[in-house]
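Numbering (this note's numbering), first residue to last: 4 to 287. No residue lacks a Cβ here, since even glycine has one placed at the ideal position from N, Cα and C. Keep in mind it's a predicted model, so treat the numbers as computed, not measured.
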């Protein structure tokens with residue numbers, strides 16, 4: 004049976020370190036502070052916000068919430084972001100997406116200062132990921148994958164890594180981050196042929212699944228003894244939460260695998276707080 008790479012021990016370890024760093028900052032007169040911008044009351048946004056607030060409390064981070072109506076106009080939103088950008092007491096911004104349809108999301112996502120962009124939504128943050136510099140921060144979910152590797156001592160150097168998915172939220176940044184650790188990376192997506200899709204999966208040492216489709220990756224696309232990181236959060240035909248990987252088929256072959264739920268998703272808020280602490284430290 005495969006080893007379960009549970010996310011909660013990873014989150015707890017990150018939070019403990021974050022708390023120590025936050026206390027050190029407070030001793031120097033800096034209170035790590037995150038601004039959360041939310042338009043409307045989407046249930047998934049509210050759920051994540053609740054989790055972020057709990058994690059912030061455990062970490063010693065102050066959160067300023069800006070809950071706006073779904074009907075909020077562009078000018079009001081732009082004005083708020085500019086105000087936060089200029090507020091030196093606020094070190095990070097988390098803005099929930101997707102934004103309401105009447106707002107140009109592409110334009111708004113360029114508004115936050117990359118130095119305060121905690122979840123990699125600006126092109127400046129993405130440039131930082133691709134150029135391996137300290138501009139901005141990677142998306143929290145992509146960073147969470149790397150934290151799981153670190154916590155469980157999984158080495159990427161020289162390994163074959165297959166990433167299923169090419170989104171800017173997970174697939175592309177996590178592929179670049181894996182290459183930054185000297186892995187040989189293959190990226191598969193919706194236009195990859197079925198034969199190449201399965202072959203790339205079977206031949207990998209490490210599989211990162213980020214397609215957003217329930218149980219799309221079955222045993223025929225997986226090899227023996229692999230490390231499988233399943234980023235997907237889906238609902239199957241029975242109404243149960245599941246990942247992009249068929250867990251039963253994968254567990255029979257894998258050396259280690261993240262569960263869904265209880266895997267990558269449980270690490271993301273801890274990573275968010277880590278980014279806030281790092282941004283505050285840069286103020287020193």
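*asked:* Taking the alpha-carbon of residue 206 as reference, which of 143, 133, 187 and 215 has the nearest alpha-carbon?
replied: Closest in C-alpha terms to residue 206, from the list 143, 133, 187 and 215, comes 187.
*Beta carbon of residue 124, beta carbon of residue 230: below 9 Å?*
no
_Identity of the residue in 213, 221 and 51 nearest residue 233 by Cα_ = 213
*Is the beta carbon of residue 9 sitting closer than 9 Å to the one on residue 273?*
no
*Can residue 111 and residue 77 be called in contact, C-beta distance under 9 Å?*
Taking 9 Å as the Cβ cut-off, residue 111 and residue 77 qualify as a contacting pair.
*Do the CB positions of residue 97 and residue 38 come within less than 9 Å of each other?*
yes
_What does the Cβ neighbour count give for residue 218, buried or exposed, with the cut at 16 atoms within 10 Å?_
buried
*What is the C-beta distance between residue 5 and residue 197, in whole angstroms, given that I count them as a contact (C-beta under 8 Å)?*
Going by Cβ atoms, the distance from residue 5 to residue 197 rounds to 25 Å, so no, they are not a contact pair.
*Kindly indicate which three-state DSSP category residue 166 falls into: helix, strand or coil?*
strand
*Leaving out the 5 sequence neighbours to the left and right, which residues in its chain are closer than 8 Å to residue 244 when beta-carbon positions are compared?*
236, 237, 238, 263 and 264
_Same chain, Cβ closer than 7 Å to residue 54, neighbours up to 5 away in sequence not counted_ = 272
*Own chain partners of residue 282 with C-beta closer than 6 Å, once the 5 adjacent residues on each side are dropped*: Within the same chain, residue 282 has close Cβ partners 94 and 95.
*When you compare only the Cα positions, how much space is there between residue 246 and residue 31?*
43 Å
*According to DSSP, is residue 184 helix, strand or coil?*
coil
*asked:* Within 10 Å of its beta-carbon, does residue 3 have 16 or more other beta-carbons around it, so buried, or fewer, so exposed?
replied: With the chain represented from 4 up to 287, any question about residue 3 goes unanswered, as that position is not in the structure.
*asked:* Using DSSP's beta-bridge definition, name the partner residues of residue 98.
replied: Paired residues: 40.
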